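Numbering (this note's numbering), first residue to last: 1128 to 1654. Where is the CB? At the ideal position from N, CA and C, for every residue including glycine. Quantities reported herein were computed from a predicted structural model and do not represent experimental measurements.
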C-alpha cells in the first residue's frame, strides 16, 4: 500500500506540469492561437504528407516566378498536420499545451539536480514560466525550447557533474535542424562552453589545466560532429545557413513584432522584468566565484533576450540553473530568520517531494482534456474578433478573380481557410519573401510608387485591416471600391470593367467604424 501511494501522490514537478497544462488547455487556450502562423504550418505539413515531398519552391503565394523556399520546419509541420487531422485546432492547442508544460516539468527536474533549496527552485521555475509565457504559441519554436533544454542539460551535466552524454548532441541536432531554425542556439550554447573551458585552461595554474583542456577538446569534437549532423537536412548547407542569413536581415528584424526588443511599458513584459531584476540581485549578492562559462552564457543570452522578445524563453531556461547555484551560495552564508525559514520549509517540502514516484501525473491531467475534446465539449478556433474569419468566409462564398494584396497577418489565415482557392501576396514566412516583403511595406505605408507595385503583381483586390492607414486611404480612392467591411477587415476591388458586377452588387457597402476609428475622428474634430 505504501508503494502504491508513491505513484498516486504528485511531486512538485507533477504539480508544475498539471497546472501549466490545464491552464493552457482549458483556461487560456486562446493564448496559443494569438497569431495564425499555426494555420500555414498545418497546410504545408498537409502538402508534405500528400505529396511525400518537401517543397523546394513556394506554392502558397501568387507569384509569376516561383520563390525558392527553404523549409527548415518541415518535420514540425508534418507533426502539426497529423495532430490537426485528428482533432483540428483543438488538438493542436492540447498538443502544444502538453509540450510547454512538459518543458517546465523538465526544467524543474534539471534545477533540482543542483540539490539546492526546493523553495528557491520552485520560485525560479515560477519566474521562468511567467517570463517565457510571452512567446507561447502553437508553433514549431516550442520544439526548439524542448530540445534547447535537453541540449543545455547534457552540456551542464558534462561541465559540472562529470556525466558524459555528449554523444547524444549530434542525434538531437539531426532532429532539431529539421524541426526549427532555433538549432542555431544549440551551436551558440556549445560555443559558450567551449570558450569558457578554453579561457579556464589559459588562465588556470598549470596543475589545474588538464581538465579544462580535455573538456575544450571534447566539446570541439562534438561541435564538429554536430555540424556534420546538421547537414543531414533536405537542403544541405543551404538549409543550415538560411536561418542565420534571415536573422541578419535588418529590414525584416525591424518590421516583425516578435523580433523587436521587449517593450517594458507593456504589461506582458512585467514577468520578464521581474526575472531580470531577480537575476541582477542574485548575481550582485552572490559570493560565489563566476566561471568563464557562466559569464559567456549570461552575457550572450541576456543580450539575445533584450534584442528580441522571441529569445526570452531560451534566456530564462538557460539562466534558471545558474541562479539556483548562486542563490544556494547566498543561503549557505546566512543564519537569519528568512534563511532558517527557507531551510526548514525545504526539509518538509523535499521530504514530501521525494516520497512521490512514477510518471502517473504526466498522463492523469491529459486524459479528461482529451475526453472533452473527443466528445466535442471543447472546440478551439482562431478568434473572429481579431482574425478575418467572416471576411474569408465571404471570399469563399463570393470568389474573386485575379491576385490578392493582403495584410501580412491575414495571409496566414487565408492559407489556413482558403488555400488552394486563393493564393496570398504575403504571409508569416517573411524570411522567404525577400524583396516582396519590402514591397509589402511600400504599399502598406502608401509610399510613392505603391500603385506601380500593385500593377506589377496584377493585383485585382485588396484584403486589409479595417483601421489600417491603407484601408482609410482606399475609401477615398475612386480607383478602388469597397465590397466587404466588418470590424476586422475590408475588401476592395479594382474599379474596372471586369469587376463591374461586384461593384454594382456591393455598391451600398459602408465601412464599419471601430473604437480606434471613432477615437481618431473625435481627435480630428477637436484639433
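1) Please classify residue 1408: is it buried, with 16 or more other beta-carbons within 10 angstroms of its beta-carbon, or exposed?
2) Can you tell me where the alpha helix (DSSP H) holding residue 1245 begins and where it ends?
3) Provide the residue span of the beta strand (DSSP E) that contains residue 1531, from first to last.
4) Roughly how many angstroms separate the alpha carbons of residue 1255 and residue 1193, rounded to a whole number?
5) When burial is assigned at 16 or more other CB atoms within 10 Å of the CB, is residue 1411 buried or exposed?
6) DSSP on residue 1621, reduced to helix/strand/coil?
7) Residues bridged to residue 1609 by DSSP?
8) Who pairs with residue 1589 in a beta bridge, going by DSSP?
9) For residue 1140, name the three-state secondary structure that DSSP assigns.
10) Does the Cβ-Cβ distance between residue 1247 and residue 1443 come in under 8 Å?
11) Does the beta-carbon distance from residue 1316 to residue 1270 come in below 8 Å?
12) Can at least three beta-carbon pairs, one atom from the region 1198 to 1213 and one from the region 1171 to 1180, be found at a separation below 8 Å?
13) From 1564, 1342, 1520 and 1334, pick the residue whose C-alpha is nearest to that of residue 1319; which is it?
14) Report all residues from its chain with a CB closer than 8 Å to the CB of residue 1607; omit the five preceding and five following residues, and keep chain order.
15) What would DSSP say about residue 1188, mapped onto helix, strand or coil?
16) Which residues does DSSP list as the beta-bridge partners of residue 1195?
17) Can you confirm whether the region 1554 to 1572 touches the region 1536 to 1545 when touching is taken to mean that 3 or more C-beta pairs between the two stretches lie within less than 8 Å?
18) Can you give me the C-alpha to C-alpha distance between residue 1264 and residue 1299, rounded to a whole angstrom?
19) Would residue 1591 and residue 1534 be called neighbours here (beta carbons separated by less than 8 Å)?
20) How about residue 1570 and residue 1609: do their beta carbons lie closer than 8 Å?
21) With a cut-off of 8 Å, do at least 3 Cβ pairs link the region 1399 to 1408 to the region 1219 to 1227?
22) Pick out whichever of 1478, 1366, 1505 and 1325 has its Cα sitting closest to the Cα of residue 1214.
23) Quick one: measure Cβ to Cβ for residue 1232 and residue 1143, integer angstroms, because I've assumed they're closer than 8 Å.
24) Is the Cβ-Cβ distance between residue 1518 and residue 1604 less than 8 Å?
25) Report the three-state DSSP secondary structure of residue 1639 (helix, strand or coil).
26) Taking DSSP as the reference, what is the three-state secondary structure of residue 1161?
27) For residue 1371, count the other beta carbons within 10 Å of its own beta carbon; 16 or more makes it buried, fewer makes it exposed. Which is it?
28) When you compare only the Cα positions, how much space is there between residue 1531 and residue 1561?
29) With residue 1583 as the anchor, note down where its alpha helix (DSSP H) starts and where it stops.
30) Output needed for residue 1496: all residues of its chain with C-beta closer than 7 Å, excluding positions within five of it in sequence on either side, in chain order.
31) What separation, rounded to the nearest whole angstrom, lies between the Cα atoms of residue 1204 and residue 1266?
32) Here's the rule: buried if 16 or more other CB atoms are within 10 angstroms of the residue's CB, otherwise exposed. What is residue 1654?
33) Below 8 Å, can you find three or more Cβ-Cβ pairs linking the region 1290 to 1298 to the region 1345 to 1363?
In terms of the structure at hand:
1) exposed
2) 1245 to 1259
3) 1530 to 1533 is the span of the beta strand (DSSP E), which, as asked, contains residue 1531.
4) About 43 Å.
5) exposed
6) strand
7) Residue 1609 is bridged to 1619.
8) 1532 and 1619
9) helix
10) no
11) no
12) yes
13) 1342
14) Hits under 8 Å: 1589, 1601, 1619, 1620, 1621 and 1622.
15) strand
16) Its beta-bridge partners are 1184.
17) yes
18) 22 Å
19) yes
20) no
21) no
22) 1505
23) 6 Å
24) no
25) Look at residue 1639 here: in three-state DSSP terms it is coil, with no helix or strand label.
26) coil
27) Per the 10 Å Cβ criterion, exposed.
28) 18 Å
29) 1577 to 1583
30) 1152, 1153 and 1221
31) 9 Å
32) Confidence at residue 1654 is low in this model, with a pLDDT of 39, below 50, so the placement of that residue is unreliable and no value is reported for it.
33) They touch, by the three-pair rule.
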